[in-house]
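Notes to accompany the following structure.
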Amino acid sequence: MKTVQILLADDHEVVRQGLRKLLEGRQHWRVIGEAANGREAVEKVRLLRPDVVVMDFGMPELNGLEATRQIVKAVPRTEVLVLTLHNSEELRDDIVRAGARGYVLKSDTGNDLVDAVDALQQHKPFFSAKVLKTLPRDYLRGSQLNVTRYARRDSLTPREREVVQLLAEGKCNKELAAALGISVRTAETHRYNVMRKLQLHAISDLVRYAIRNKLIEA
641 MKTVQILLAD
651 DHEVVRQGLR
661 KLLEGRQHWR
671 VIGEAANGRE
681 AVEKVRLLRP
691 DVVVMDFGMP
701 ELNGLEATRQ
711 IVKAVPRTEV
721 LVLTLHNSEE
731 LRDDIVRAGA
741 RGYVLKSDTG
751 NDLVDAVDAL
761 QQHKPFFSAK
771 VLKTLPRDYL
781 RGSQLNVTRY
791 ARRDSLTPRE
801 REVVQLLAEG
811 KCNKELAAAL
821 GISVRTAETH
831 RYNVMRKLQL
841 HAISDLVRYA
851 IRNKLIEA
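Quick note: the sequence shown uses my numbering, first residue 641, plus one each step.
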C-alpha cells in the first residue's frame with residue numbers, strides 16, 4: 641500500500657507535535673516535514689512534494705490562504721487542508737477559491753482530522769460538519785466550485801496581500817525586501833501602491849485592515 645506523505649504547517653511546535661502523533665498513528669501515513677510559517681510551508685512543499693499539507697490559517701510571514709494559493713499553483717497534485725478557528729461563509733469561499741480541498745475547524749480537529757486527510761489523499765473534498773451546512777451544493781456534486789459567484793473580489797494582487805501581511809507584522813522596507821527576494825526600492829514601491837490602493841495613511845490603519853480581512857490574527 642502506498643505511503644501517504646504529509647506536511648504540517650503551524651507556527652506552534654506543540655500543535656505540530658500533537659498533529660504528528662495523531663496522524664502517524666495511522667498505518668502507512670508519514671509526516672515528512674514541518675513548517676513554522678507560510679513561506680517555509682511553500683518552500684518545503686516544492687522540495688518534498690507531499691500528498692497532503694495540513695495548514696494552519698493564521699500563519700506568520702505568509703498566511704495560510706496565500707500559502708495555499710502558491711502551493712496549488714506550484715504543486716497541483718498536493719492537496720491542502722486548512723485548519724482555522726473561524727467559521728464564516730466569506731472565509732470558506734476564500735479558502736476554496738485559493739484551491740484548498742479541505743476546511744476543518746480547530747474545534748473539530750480531534751474528530752475530523754484523520755477523516756479529512758484520508759479524503760484529501762484520495763483527492764476528495766472534506767469539510768467540518770458546521771462548514772458543510774453552508775457549502776453550496778454544486779461544490780459537493782463536483783471536485784471544483786465556481787467560486788466567482790460566491791467569493792468577494794479583492795482589489796489587491798497576491799503579491800500585494802503578502803506585502804500587507806508583512807507590513808502589518810511590523811516589517812520595515814529592508815525586511816520586506818529580504819522576505820520577498822526583491823530590492824528595497826521595489827519594496828518601497830509595493831508599500832506605496834498598497835497604501836494608495838487601500839486609501840490608508842498610516843501603518844496602524846493597515847494593521848486594522850489586515851486583522852479585519854484575516855491576513856493576520858489579532
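Don't be surprised by glycine CBs; every beta carbon is placed ideally from N, CA and C.
Can you grab the Cα-Cα spacing for the pair residue i / residue j, in whole Å?
i, j, result
"R656", "C812", "29 Å"
"I843", "S823", "21 Å"
"V804", "V722", "21 Å"
"K814", "R825", "9 Å"
"I672", "V694", "12 Å"
"A818", "L806", "11 Å"
"A740", "R717", "11 Å"
"I646", "H726", "23 Å"
"V847", "L855", "9 Å"
"K684", "L760", "19 Å"
"L731", "M835", "23 Å"
"V654", "L648", "12 Å"
"A769", "V757", "15 Å"
"S747", "H841", "37 Å"
"Y790", "D733", "The pLDDT assigned to Y790 is 36, lower than 50, so where the model puts this residue is not dependable, and the model offers no usable value."
"T829", "E809", "18 Å"
"R831", "G750", "41 Å"
"F697", "V771", "15 Å"
Where does residue i sit, in a helix, a strand or coil, going by DSSP?
i, result
"G704", "helix"
"L855", "coil"
"Q624", "Residue 624 is absent from the model: the chain starts at 641 and stops at 858."
"Q762", "coil"
"V682", "helix"
"M835", "helix"
"N727", "coil"
"I735", "helix"
"S823", "coil"
"K642", "coil"
"A602", "In the structure as shown, the chain begins at 641 and stops at 858. Residue 602 is therefore absent and cannot be evaluated."
"H841", "coil"
"E809", "coil"
"L659", "helix"
"L616", "This structure cannot settle anything about residue 616, because the visible part of the chain is limited to 641 through 858."
"G750", "helix"
Have a look at the DSSP bridge pairing and note the partners of residue i.
i, result
"V720", "V693"
"Y743", "V722 and F767"
"E674", "L648"
Taking its Cβ as the centre, do 16 or more other Cβ atoms sit within 10 Å of residue i, making it buried, or is it exposed?
i, result
"R737", "buried"
"E719", "buried"
"V692", "buried"
"M641", "exposed"
"T708", "buried"
"R801", "buried"
"L687", "exposed"
"N853", "buried"
"N703", "buried"
"Q710", "buried"
"E857", "exposed"
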